[in-house]
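Just so we're aligned: 283 in this note's numbering is position 127 of the sequence shown, and the numbers increase by one with no gaps anywhere. Please read the structure below before turning to the comments.
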Amino acid sequence: MREILVMIAILGIIVCASGCTDNTPTTKTYSADGVTFSYPANWNVLNSSSTQESVGDAGKVLVTVGIEDQDIFGLFSVNVGANQVLSTPSEWLANMKQTLGSDYVSSKNITVDGEEGVQLTTQDNDGYNYYYAFWNKNGKGYMALLTTTTESQDVFNSIINTVKTS
């Protein structure tokens, strides 16, 4: 009889333990201004006004999310002048490699929202890592940028792989 009670107690503990799971979401979803994407749940939507000032007429900041002074992800639409042609991802990559003040680390072809694009990874002298992506969708140019002090290719991939633009 004692063995049966011990077995029932063990089964009870196993059942209780298997039901104790953490249902905390690991991501949040941003959806506005014609874009949707998922990002880490501990991040917040940030004020984009200072970012827009630095971007100027080159584009429009659609959103920035992250943790101030740590990890910040921005999504931008790229403006094309009246007499300019929208760059292809490879043209954009070549131009960025020449104009960046950061140290070039790597580049590769990627797919964003079903479109061919490019990724450029750079690092500056202060130890910041920059993960850029550029792609065209329906005649519009888009750029994404993750700025972080840690190696965060996985974080960048987890966000960029969920981006949808309209």
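Built from N, CA and C at the ideal position, the CB exists for glycine as well.
Limits of the unbroken alpha helix (DSSP H) element including Q254: P245 to T255
Cβ shell of T182 (< 6 angstroms), same chain only, five flanking positions each side left out: A197
Whole-Å CB distance - D269 paired with K296, under 8 angstroms assumed: The Cβ separation is near 11 angstroms, so there is no contact.
Buried versus exposed call for D213 [16 or more other C-beta atoms within 10 Å across all chains shown]: exposed
First and last residue of the uninterrupted alpha helix (DSSP H) at V311: Q309 to I316
Reduced DSSP secondary structure (H/G/I, E/B, other) of Y295: Per the sequence presented here, residue 295 reads as Gly, with Tyr not at that position. If DSSP states are grouped into helix, strand and coil, G295 belongs with coil.
Close beta carbons around K264, own chain, < 8 angstroms, minus the five adjacent residues each side: V274 and Q275
Proximity winner among L202, T207, G215 and V211, relative to V221 (alpha-carbon distances): L202
Touching by the beta-carbon criterion (3+ pairs, under 8 angstroms), the segment 306-313 and the segment 242-260: no
Spatial neighbours of V261 in its chain, beta-carbon cut-off 7 angstroms, leaving aside the 5 residues before and after: T277, T278 and Q279
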